[in-house]
Structures are given as structure tokens and as C-alpha cells.
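K.L.:
To start, I am sharing the structure in question, which I have written as C-alpha cells.
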Amino acid sequence: MDRRTLLKTGGMGILGLGLGSCFRGSASSLSPYKLLPSLNVAWNRVIHTTVGLRPHRPSGFVLRAERFGDKTLIHNYGHGGSGMSLSWGTGSMAADLALESEVREVAVIGCGVAGLTTARQLQRRGFSVTIYALSVPPDTTSNMSLAAWTPTSGLVDQERRTTAWDLQLRQAARIAYRQLQLLTGPEYGISWIDSYALSDSAPRERSTREDQDPLLPSDLRLPTVALGPGEHPFPTRYASQRVTLRIEPSIYLDALVRDVMRFGGRIVIRKFDTPRDLMTLDESIIINCTGLGSHDLFGDTELVPLKGQLTLLVPQPEVNYATFGGLQGTGGFIHMQPRSDGIALGGTSEEGNWSLEPDENARQRIVEAHRALFSAMRGSPRLESAISLS
Ligand SMILES: Cc1cc2nc3c(=O)[nH]c(=O)nc-3n(C[C@H](O)[C@H](O)[C@H](O)COP(=O)(O)OP(=O)(O)OC[C@H]3O[C@@H](n4cnc5c(N)ncnc54)[C@H](O)[C@@H]3O)c2cc1C
Numbered sequence: 241m242d243r244r245t246l247l248k249t250g251g252m253g254i255l256g257l258g259l260g261s262c263f264r265g266s267a268s269s270l271s272p273y274k275l276l277p278s279l280n281v282a283w284n285r286v287i288h289t290t291v292g293l294r295p296h297r298p299s300g301f302v303l304r305a306e307r308f309g310d311k312t313l314i315h316n317y318g319h320g321g322s323g324m325s326l327s328w329g330t331g332s333m334a335a336d337l338a339l340e341s342e343v344r345e346v347a348v349i350g351c352g353v354a355g356l357t358t359a360r361q362l363q364r365r366g367f368s369v370t371i372y373a374l375s376v377p378p379d380t381t382s383n384m385s386l387a388a389w390t391p392t393s394g395l396v397d398q399e400r401r402t403t404a405w406d407l408q409l410r411q412a413a414r415i416a417y418r419q420l421q422l423l424t425g426p427e428y429g430i431s432w433i434d435s436y437a438l439s440d441s442a443p444r445e446r447s448t449r450e451d452q453d454p455l456l457p458s459d460l461r462l463p464t465v466a467l468g469p470g471e472h473p474f475p476t477r478y479a480s481q482r483v484t485l486r487i488e489p490s491i492y493l494d495a496l497v498r499d500v501m502r503f504g505g506r507i508v509i510r511k512f513d514t515p516r517d518l519m520t521l522d523e524s525i526i527i528n529c530t531g532l533g534s535h536d537l538f539g540d541t542e543l544v545p546l547k548g549q550l551t552l553l554v555p556q557p558e559v560n561y562a563t564f565g566g567l568q569g570t571g572g573f574i575h576m577q578p579r580s581d582g583i584a585l586g587g588t589s590e591e592g593n594w595s596l597e598p599d600e601n602a603r604q605r606i607v608e609a610h611r612a613l614f615s616a617m618r619g620s621p622r623l624e625s626a627i628s629l630s
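For the sequence shown, the residue numbers in the numbering used here are 241 to 630.
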């Protein structure tokens with residue numbers, strides 16, 4: 241995978257779990273990792289399949305203010321596969337741009353994660369906010385997200401980055417990472433979770449300085465631990481473990497809606513077909529958080545969907561770890577993240593596909609590859625024998 245593909249597709253490297261980027265711990269200190277319950281993957285446990293279109297722009301998200309007739313228009317859209325991670329940060333920066341105006345009434349267009357977190361950042365600065373949107377949770381792309389801490393996934397093409405944009409990304413990621421940490425707990429559906437990147441390829445020995453995403457400073461992730469054969473319960477030769485943030489979209493987005501309302505915000509269901517429609521709004525500051533909607537609304541033809549689908553299995557509360565990758569020969573990249581509304585299985589990123597219909601072949605591939613992975617895992621039986629011995 242070259243750098244460009246890596247940044248766009250959401251592979252393990254993007255998730256910062258690449259096996260070439262680990263530091264090693266000793267086998268004895270790692271024995272607790274063996275005590276992982278296995279996932280029960282079976283077709284009679286499949287609840288449903290969701291589809292979402294990640295709003296990808298090869299040159300990265302748009303975060304800037306411009307004059308719009310007698311109004312100020314601030315763009316905050318195009319977060320690719322990173323919107324759930326970055327939105328508190330870009331929302332904070334968009335709200336700071338709004339502070340440059342005298343008025344304190346703002347219209348936010350869009351009620352996905354970008355619109356909701358921008359609205360909250362505005363409210364924290366004393367603005368009165370109305371959100372206008374065609375759809376609200378649970379019917380936004382944000383609700384279809386896996387929602388791991390993936391601040392650079394499907395976000396930008398390497399050769400299209402600029403120094404100014406990189407600075408925006410770093411600032412946004414730093415603000416967002418801290419904000420998400422402050423919201424951990426059941427109320428917002430955010431928690432820390434162990435993630436395992438699985439592979440049969442040996443990890444290359446590297447310094448921990450290289451244990452990082454090329455786009456972000458090292459302190460925006462916790463370090464990885466490389467586990468060799470016998471040091472983990474997975475049927476791959478190697479696993480690389482990292483503790484990371486998990487967001488449960490349905491809990492999180494509903495909590496954000498509640499907070500926006502609690503702080504005096506209004507939500508109006510409305511579709512805008514052209515920029516001229518926006519001129520009819522009373523507010524003189526408008527913040528555009530329409531995600532992929534900016535393709536048609538503002539004619540941003542650089543925006544392209546990265547279609548992703550998730551198949552949900554019946555929840556298994558005892559499974560409280562995520563996996564990225566699977567067994568060789570099972571048809572491509574896969575990932576699993578447990579949450580209270582189901583175990584999310586995924587592994588697709590189809591550029592330019594605007595269809596919201598689930599792809600049956602992809603569904604079969606992803607469920608079967610997880611079935612192969614977890615049926616070969618040394619799971620619950622090991623846990624039971626460990627308990628009876630103690
Ligand atoms: C399968 C999948 C997995 C993902 N995994 C992750 C992950 O692990 N981590 C991560 O950080 N991100 C992830 N993402 C990406 C993340 O979900 C998106 O970046 C994020 O949801 C974009 O949020 P948004 O608010 O910009 O867009 P949306 O959620 O699409 O919200 C856009 C809002 O604008 C409104 N709107 C649009 N056009 C108009 C219009 N013309 N008039 C009125 N309203 C309009 C919509 O109705 C909606 O309310 C994933 C996405 C998918 C699909």
C-alpha cells in the first residue's frame with residue numbers, strides 16, 4: 241500500500257496500529273492478553289447492515305471564512321473518515337472565525353457530528369445558534385460511522401497537502417482528542433478500549449519515534465505493544481495492541497443534540513438547494529457543516545464519497561476489544577468494534593460510489609472473514625481454564 245492509498249483507505253496504518261510501528265513488551269508481562277473472550281460470528285446473529293458515505297476531499301477538509309453577499313459564510317466540511325474524531329477541533333476553529341464578527345446569532349447548516357459540535361463550540365462562546373438541516377440523528381452519515389479515534393483516515397491525499405492545511409489538522413486533532421477524553425463515560429458513549437491490529441507479517445523493529453501517523457504529533461495516540469506468536473489469542477502470528485478511544489455514534493449524537501437544545505439552541509428541518517436559499521436566513525453568520533452535501537449545495541466537485549458499510553451482530557457485552565485485520569486469504573481488510581447497539585463489522589471504502597444500498601458481496605466477505613478469524617481464536621475456553629486453575 242503506498243502512502244496515498246494508506247491515507248485514503250483507512251487501513252491499519254491509518255489507525256496507527258500498523259505492525260511496523262510497535263514497541264515490544266516481554267511475553268510474561270503480556271500474559272493477560274490471552275484472556276480475551278472470542279466473538280460469536282454466525283449468520284443468525286446478524287442484526288442489520290448500514291451504509292454511509294464518507295465526505296472525502298483529496299486536498300483535505302475545508303475550514304475557512306468568506307464573504308457571502310452581506311453575510312459571513314464559514315465552511316467546515318469534508319472530514320472524510322475522520323469526522324467523528326476531528327469535529328470538536330474544526331468546530332472550535334470555525335467558532336473562533338465567527339468571533340471575528342460583532343453579531344452573536346449564527347445559523348449552522350447540518351446536524352451531523354460537524355454541525356452539532358460546531359453548535360456547541362459556538363454556544364460556549366456565547367452565540368445563539370439555530371441548526372438548519374435536511375436530516376438529523378439517527379439519519380445522518382455520522383450515525384453510520386464506526387467511530388474509532390482515526391484522525392487522519394480517508395482524510396487527504398499525501399500530494400495535495402499544504403503546510404497551512406497541516407497546521408489546521410494538527411490544531412483540530414489536538415483540541416478534539418482532549419475534548420473526547422473529557423466526555424468519556426456512559427452519558428456520551430465514549431470509552432477507552434484495547435485495539436489489536438492483526439497480521440502474519442513480522443513487525444519491523446523501529447524506534448517509538450516512528451510509532452506514529454506521519455501527519456500527527458506523537459502525543460495524539462497511546463503507544464503500541466507488539467505481541468508475537470504465543471503472546472496473544474488470535475490466529476494470526478502477530479498482534480499489535482493499543483488503547484484507543486471508541487465513540488458509540490447513536491449515544492453520542494443524541495447526547496450532542498440534547499446539549500445543543502439544553503443550551504438554548506434550535507433545530508429546524510430544512511433543505512437548501514442553492515446558495516441563494518441561504519440568503520433568505522435571518523442570521524448574518526452561516527456555518528456550512530453539510531459534509532458531502534456541499535458537493536451539490538456549493539458545487540464542490542472535489543468532494544467524493546468513500547462508501548463504507550457496517551454489519552451489526554447481536555451485542556456481546558463480554559467482548560470489549562476491537563480488532564483490525566484478519567486471516568490471510570479471506571479477501572481483504574476487515575475490522576471489528578463492539579458497542580452496546582451491536583458488534584460492528586466493517587472493512588470497505590469504495591471511492592466514488594454514491595449508492596446507499598448495502599453491497600451483498602461485501603457483506604458476505606466481511607462476515608465470513610470475521611467468522612474465520614474468531615472461530616480460529618483461542619478464546620473463552622482458555623479463559624475458563626485459566627479461571628479454574630487460579
Ligand atoms: C462506515 C464508516 C465508518 C467511519 N468510521 C469513522 C471512524 O472510525 N472515525 C471517524 O472519525 N470517522 C469515521 N467515519 C467518518 C465520519 O462518519 C464522517 O466524517 C462524519 O460523519 C461527517 O460528519 P458531517 O457532520 O460532516 O456529515 P453528516 O453526518 O453527513 O451531516 C451532514 C448534515 O448536513 C445536512 N445537509 C447536507 N446537505 C444539506 C442541504 N443541502 N440542506 C440542508 N441540510 C443539508 C445533512 O442533512 C446532515 O444533517 C466513518 C464513516 C463511515 C461511513
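Positions of the beta carbon are idealized from the N, C-alpha and C atoms, including for glycine.
Contact check, G321 vs L395 under 8 Å by CB: the rounded distance?
P.N.:
Within the sequence shown, the letter at position 81 stands for residue 321. Within the sequence shown, the letter at position 155 stands for residue 395. Going by Cβ atoms, the distance from G321 to L395 rounds to 7 Å, so yes, they are a contact pair.
K.L.:
For A602, name the three-state secondary structure that DSSP assigns.
P.N.:
Position 362 of the sequence shown, counted from the first residue, corresponds to residue 602. It is helical.
K.L.:
Taking 7 Å as the line, does the beta carbon of R516 fall inside it for any heavy atom of ligand 1?
P.N.:
Sequence index remark: in the sequence shown, residue 516 carries index 276 (1-based). Incorrect: R516 has no Cβ contact closer than 7 Å to ligand 1.
K.L.:
Is the beta carbon of R603 less than 8 Å from the beta carbon of T570?
P.N.:
Here residue 603 is taken as the residue at index 363 of the sequence shown, counted from 1. Here residue 570 is taken as the residue at index 330 of the sequence shown, counted from 1. No, the Cβ-Cβ distance between R603 and T570 is not below 8 Å.
K.L.:
Cβ of S435 within 7 Å of any heavy atom in ligand 1?
P.N.:
Mapped onto the sequence shown, residue 435 falls at position 195. Result no, Cβ not under 7 Å from ligand 1.
K.L.:
Is DSSP giving Q568 helix, strand or coil here?
P.N.:
On the sequence shown, residue 568 is found 328 positions in, with the first residue counted as 1. Residue state, collapsed to three classes: coil.
K.L.:
Based on Cα-Cα distance, which residue from E488, L455, L438, F474 lies nearest to T464?
P.N.:
Your numbering for residue 464 matches position 224 in the sequence shown. Out of E488, L455, L438, F474, L438 has the C-alpha closest to the C-alpha of T464.
K.L.:
What residue ranges within the stretch 286-324 form continuous beta strand (DSSP E) runs of no fewer than 3 residues, ordered along the chain?
P.N.:
With a minimum length of 3 residues, the continuous beta strand (DSSP E) runs that stay inside the stretch 286-324 are 286-296, 302-308, 311-317.
K.L.:
Express the C-alpha separation of L493 and T312 in angstroms, rounding to a whole number.
P.N.:
By 1-based counting over the sequence shown, the position of residue 312 is 72. By 1-based counting over the sequence shown, the position of residue 493 is 253. Roughly 27 Å between the two C-alpha positions.
K.L.:
Alpha carbon to alpha carbon, what distance is there between F614 and M333?
P.N.:
As a first step, residue 333 must be located in the sequence shown, where it is residue number 93. As a first step, residue 614 must be located in the sequence shown, where it is residue number 374. M333 and F614: Cα-Cα distance of roughly 43 Å.
K.L.:
With C-beta atoms as the reference, is L293 less than 8 Å away from W594?
P.N.:
What you label residue 293 is simply residue 53 of the sequence shown in a count that begins at 1. What you label residue 594 is simply residue 354 of the sequence shown in a count that begins at 1. Contact: yes.
K.L.:
Around the Cβ of P621, are there at least 16 other Cβ atoms within 10 angstroms (buried) or fewer (exposed)?
P.N.:
Here residue 621 refers to the residue found at position 381 of the sequence shown. Below a pLDDT of 50, predicted positions are generally treated as unreliable, and P621, at 43, falls in that range; no measurement from the model is reported.
K.L.:
Which residue comes first and which comes last in the beta strand (DSSP E) that contains D434?
P.N.:
For this step, residue 434 is matched to residue 194 along the sequence shown. Start and end: 430-439.
K.L.:
Which residue's Cα is closest to the Cα of D459: I487, P598, Q411?
P.N.:
Within the sequence shown, residue 459 is the residue found at index 219, counting from 1. Nearest option by C-alpha distance: Q411.
K.L.:
Can you find at least 3 beta carbon pairs, one from the stretch 350-362 and one from the stretch 322-331, that sit closer than 8 Å?
P.N.:
yes
K.L.:
Would you list, in sequence order, the uninterrupted beta strand (DSSP E) runs of no fewer than 3 residues that lie entirely inside the stretch 458-491?
P.N.:
Within the stretch 458-491, the runs of beta strand (DSSP E) at least 3 residues long that lie entirely inside it are, in chain order, 465-467, 478-487.
K.L.:
With distances taken Cα to Cα, identify the nearest neighbour of I314 among S524, I287, P555.
P.N.:
Here residue 314 is taken as the residue at index 74 of the sequence shown, counted from 1. Checked all of S524, I287, P555; the closest Cα to I314 is S524.
K.L.:
Considering P545, what are the terminal residues of the beta strand (DSSP E) in which it resides?
P.N.:
Numbered from its first residue, the sequence shown carries residue 545 at position 305. Note, P545: beta strand (DSSP E), 544-553.
K.L.:
Going by alpha carbons, who is nearest to A305 out of R461, E558, Y317?
P.N.:
Here residue 305 corresponds to residue number 65 of the sequence shown, with the count starting at 1. When C-alpha distances from A305 are compared across R461, E558, Y317, the shortest belongs to Y317.
K.L.:
If I follow the unbroken beta strand (DSSP E) through L585, where does it start and stop?
P.N.:
Counting from 1 along the sequence shown, the entry for residue 585 is found at position 345. That run of the beta strand (DSSP E) goes 582-586.
K.L.:
Answer with buried or exposed for P454, where buried requires no fewer than 16 other C-beta atoms within 10 angstroms of its C-beta.
P.N.:
Here residue 454 refers to the residue found at position 214 when the sequence shown is read from its first residue. Classification of P454: exposed, given that the 10 Å Cβ count is below 16.
K.L.:
Measure the alpha-carbon distance for S278 versus N560 and round it to whole angstroms.
P.N.:
Locating residue 278 in the sequence shown gives position 38, where the first residue counts as 1. Locating residue 560 in the sequence shown gives position 320, where the first residue counts as 1. Their Cα atoms are separated by approximately 10 Å.
K.L.:
Per DSSP, I349 is paired with what?
P.N.:
Residue 349 sits at position 109 when you count from the first residue of the sequence shown. I349 is bridged to Y372, N528.
K.L.:
Let's test the definition: count the other Cβ atoms within 10 Å of the Cβ of M324 and tell me whether it reaches 16, buried, or not, exposed.
P.N.:
Sequence index remark: in the sequence shown, residue 324 carries index 84 (1-based). M324 is buried by the Cβ-count criterion.
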